[in-house]
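Peer 1: Taking our numbering, the leading residue of the sequence shown gets 4, the next gets one more, and so forth.
Don't be surprised by glycine CBs; every beta carbon is placed ideally from N, CA and C.
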Amino acid sequence: MNKTLYILFLMSISLQFANGQKLVIPENYSIIDSISGDLDNDSINELVIAFNTTPEYEMESVIRELIIYKLENNKWTVWKKSSQALYASLDGGMMGDPFGEMEIKNGIIHISHNGGSSWKWRITDKYRFQDGEFYLIGFTSFSGKPCEYWEDFDFNLSTGKMIFNKEFEDCESEDQKTDKKENETLYEKGLKITLQNRQEKEIKITSPKYGHEIYIAIGKE
Numbered sequence: 004m005n006k007t008l009y010i011l012f013l014m015s016i017s018l019q020f021a022n023g024q025k026l027v028i029p030e031n032y033s034i035i036d037s038i039s040g041d042l043d044n045d046s047i048n049e050l051v052i053a054f055n056t057t058p059e060y061e062m063e064s065v066i067r068e069l070i071i072y073k074l075e076n077n078k079w080t081v082w083k084k085s086s087q088a089l090y091a092s093l094d095g096g097m098m099g100d101p102f103g104e105m106e107i108k109n110g111i112i113h114i115s116h117n118g119g120s121s122w123k124w125r126i127t128d129k130y131r132f133q134d135g136e137f138y139l140i141g142f143t144s145f146s147g148k149p150c151e152y153w154e155d156f157d158f159n160l161s162t163g164k165m166i167f168n169k170e171f172e173d174c175e176s177e178d179q180k181t182d183k184k185e186n187e188t189l190y191e192k193g194l195k196i197t198l199q200n201r202q203e204k205e206i207k208i209t210s211p212k213y214g215h216e217i218y219i220a221i222g223k224e
């Protein structure tokens, strides 16, 4: 589908969802995706929109912003927003746009990105509204390259539990096979990451058993 038509299509979805309620889109912004659901357990759906902040050009990466709206007096009002929750439009590497999808499950926002070329990666962030902010409560990542290795990482920030798995592949024979596995469980408690400061500083954890470097945040400093 033509990109302009796709953007207009997503805008029409947003307007249909609004059912007549007023939604003001910031100047020069365009909608990438939109979802709705009850995020603060008040039985009223909020509106979550992923935006491009400037027009897209083929060779120029566009910063993106996530805005969460609440319905007040029949008007969608900005409640929370973040310029760190979404990757820029060219951050996917050779695969291009890294944006995967957004969804709301049981009041939790799930945001997925992916990218790479022969070496591929996919991450998913999970945010829950608590103590007045949207906190990162879950982070999963999957990365690797065929015939070399695949890494799978699952971090529950609420409990501090991390599970890391790595499988090495050997493709020299006709039958691709896994010839080595490294599995590790570790704990890191006390990390407080919000929607607004998701990539504010680099957060790297080194696993004690195998010495794997795991990046929770890449840092914007």
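Residues in its own chain within less than 6 Å of aspartate 43 by CB, not counting five upstream and five downstream?
Peer 2: For aspartate 43, where only same-chain residues beyond five positions count, the Cβ hits under 6 Å are Phe132.
Peer 1: If we count the other Cβ atoms within 10 Å of its Cβ and call it buried at 16 or more, is proline 211 buried or exposed?
Peer 2: Classification for proline 211: exposed.
Peer 1: Could you tell me which residues DSSP puts in a beta bridge with tyrosine 218?
Peer 2: Answer by DSSP bridge pairing, in chain order: Lys207.
Peer 1: Go ahead and pull the three-state DSSP assignment for glycine 163.
Peer 2: Note: glycine 163 maps to coil in three-state DSSP.
Peer 1: Using only CA atoms, which one of Glu68, Ile140, Pro58 and Asp100 lies nearest to lysine 164?
Peer 2: Measuring from the Cα of lysine 164, the nearest candidate turns out to be Ile140.
Peer 1: Check each candidate in Gly110, Thr143, Ile112 and His113 and name the one with the smallest Cα separation from tryptophan 124.
Peer 2: The option with the nearest alpha carbon to tryptophan 124 is Thr143.
Peer 1: In three-state terms, what does DSSP make of glycine 96?
Peer 2: Reduced to three states, the DSSP call for glycine 96 is helix.
Peer 1: Leaving out five residues on either side along the sequence, give the residues of the same chain with a beta carbon under 6 Å from the beta carbon of phenylalanine 145.
Peer 2: Correct list, in chain order: Arg125 and Asp155.
Peer 1: Please report how far the alpha carbon of arginine 67 lies from the alpha carbon of aspartate 100, in whole angstroms.
Peer 2: So the alpha carbons of these two residues sit roughly 11 Å apart.
Peer 1: Quick one: what does DSSP say tyrosine 138 is sitting in, helix, strand or coil?
Peer 2: Residue state, collapsed to three classes: strand.
Peer 1: List the whole-angstrom C-beta distance separating isoleucine 206 from alanine 220, where the pair is believed to meet the contact cut-off of C-beta under 8 Å.
Peer 2: Rounded, the Cβ-Cβ distance is 4 Å, consistent with contact.
Peer 1: Spatial neighbours of tryptophan 122 within its chain, please: CB distance less than 6 Å, with the 5 preceding and 5 following residues excluded, ordered by chain position.
Peer 2: So the list reads Lys148, once near-sequence residues are dropped.
Peer 1: Identify every run of the beta strand (DSSP E) within the region 24–64, keeping only runs that are complete inside it and at least 3 residues long; order them along the chain.
Peer 2: Entirely contained in the region 24–64, the beta strand (DSSP E) runs reaching 3 residues are, in chain order, 33–40 and 49–55.
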